[in-house]
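S.K.:
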Ligand SMILES: Cc1ncc(COP(=O)(O)O)c(C=O)c1O
């Protein structure tokens, strides 16, 4: 298993709704919408001493997801920033920290699907944990393609960063059964969408490609990589990519807040070389510039 219990997280303080609770008392009601229907939106944030990577982008995506799902009493960005600040200070966290920011539709007056049953506003959860990057980015990961498809906009818009993660969890289970690190998910047409928890890029010749964000989450790290390519005059294209194109790429890498940039060294048993010069260049550019994307909370 990739992630292990970190004893530094034994006595965490967690922000829920309007105040901090010790880890063993950090709970939401059984009437909360996240329990009832996975009815919540979320963001993963990474903390460096300089601040939080792409904080404004993450807050914008959280707000946009909540608006799309018609949440009411959505907290302001200032409130969310203050809750994050309180949580990090209470836990003494300034580095090697990952925050799971969740906004649920809140508590219902009785169990049921109808959002009109939610009459006490949305509920913000700030769960900060000491968590270094989850992958060993020097050795890379092995993945397997999954039979479980990502939703396209005809089913559930991938622009919403919601908690209905069952497709992705099923893909991860398939990867676990196969003894691989992640499940590669296709869209409903059979083109590559993303890994079960991160976006995908491939290098071919002097160009970097990534799937259109039709069926993948438009990841913030994905956006940073695309912007870095543009800034450094590296050709970057969104495209429909097939599995065969990935098997025969010069390099493939995954992107996400949890693991940052991770070489993919095997897909369905086909070896993918991790020594491509252009791929190494973009990995280095990201590593050396990530702290310039950090935004302080105050
Ligand atoms: C399904 C999925 N894809 C991709 C990502 C990577 O997105 P980001 O770069 O914003 O962390 C995530 C992260 O939450 C995710 O859940």
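Residue numbers (this note's numbering): 177 to 474. Beta carbons: idealized from backbone N, C-alpha and C, even for Gly.
So the candidates are 244, 427, 224; which of them puts its Cα closest to the Cα of residue 268?
M.R.: Per the Cα distances, 224.
S.K.: Could you pull the start and end residues of the alpha helix (DSSP H) that residue 370 belongs to?
M.R.: Not the alpha helix (DSSP H): residue 370 falls in the beta strand (DSSP E), residues 368–371.
S.K.: Considering only their Cβ atoms, is the gap separating residue 257 from residue 293 smaller than 9 Å?
M.R.: Going by C-beta atoms, residue 293 is not nearer than 9 Å to residue 257.
S.K.: Run through the DSSP bridge pairs and tell me what residue 234 is partnered with.
M.R.: For residue 234, which the question treats as bridged, DSSP gives no partner whatsoever.
S.K.: Name, in chain order, the residues that DSSP records as bridge partners for residue 307.
M.R.: Note: residue 307 sits in no beta bridge, so no partner.
S.K.: For the putative contact between residue 452 and residue 379, defined by C-beta atoms under 8 Å, what is the C-beta separation to the nearest angstrom?
M.R.: Between residue 379 and residue 452 the Cβ distance is about 5 Å, and since that is below 8 Å, they are a contact.
S.K.: Return the residue from the list 446, 468, 178, 473 that minimises the CA-CA distance to residue 308.
M.R.: Closest by alpha carbon: 178.
S.K.: Helix, strand or coil: which one does DSSP assign to residue 463?
M.R.: In this structure, residue 463 counts as helix in the three-state DSSP scheme.
S.K.: Quick check on this structure: which residue in 337, 321, 331 has the alpha carbon closest to the alpha carbon of residue 353?
M.R.: Of 337, 321, 331, the residue nearest in Cα terms is 321.
S.K.: Exposed or buried, which one is residue 206 when buried takes at least 16 other CB atoms within 10 Å?
M.R.: Per the 10 Å Cβ criterion, exposed.
S.K.: Give a single yes or no on whether residue 325 has its beta carbon closer than 8 Å to a heavy atom of ligand 3.
M.R.: Looking for ligand 3 in the displayed structure turns up nothing; the ligands present are ligand 1.
S.K.: Could you round the C-beta distance between residue 229 and residue 470 to whole angstroms and report it? I think they count as a contact, below 8 Å.
M.R.: Contact flag correct, Cβ pair sits at about 6 Å.
S.K.: Pick helix, strand or coil for residue 191, following the three-state DSSP scheme.
M.R.: Strand at residue 191.
S.K.: Is the Cβ-Cβ distance between residue 202 and residue 339 less than 9 Å?
M.R.: In this structure, residue 339 does not lie closer than 9 Å to residue 202 by Cβ.
S.K.: Count the other CB atoms, across all protein chains shown, that sit within 10 Å of the CB of residue 187; report buried if there are 16 or more and exposed otherwise.
M.R.: The residue is exposed, with fewer than 16 neighbouring Cβ atoms inside 10 Å.
S.K.: In the DSSP output, which residue or residues are listed as bridge partners for residue 321?
M.R.: The partner list for residue 321 (beta bridge, DSSP) reads 360.
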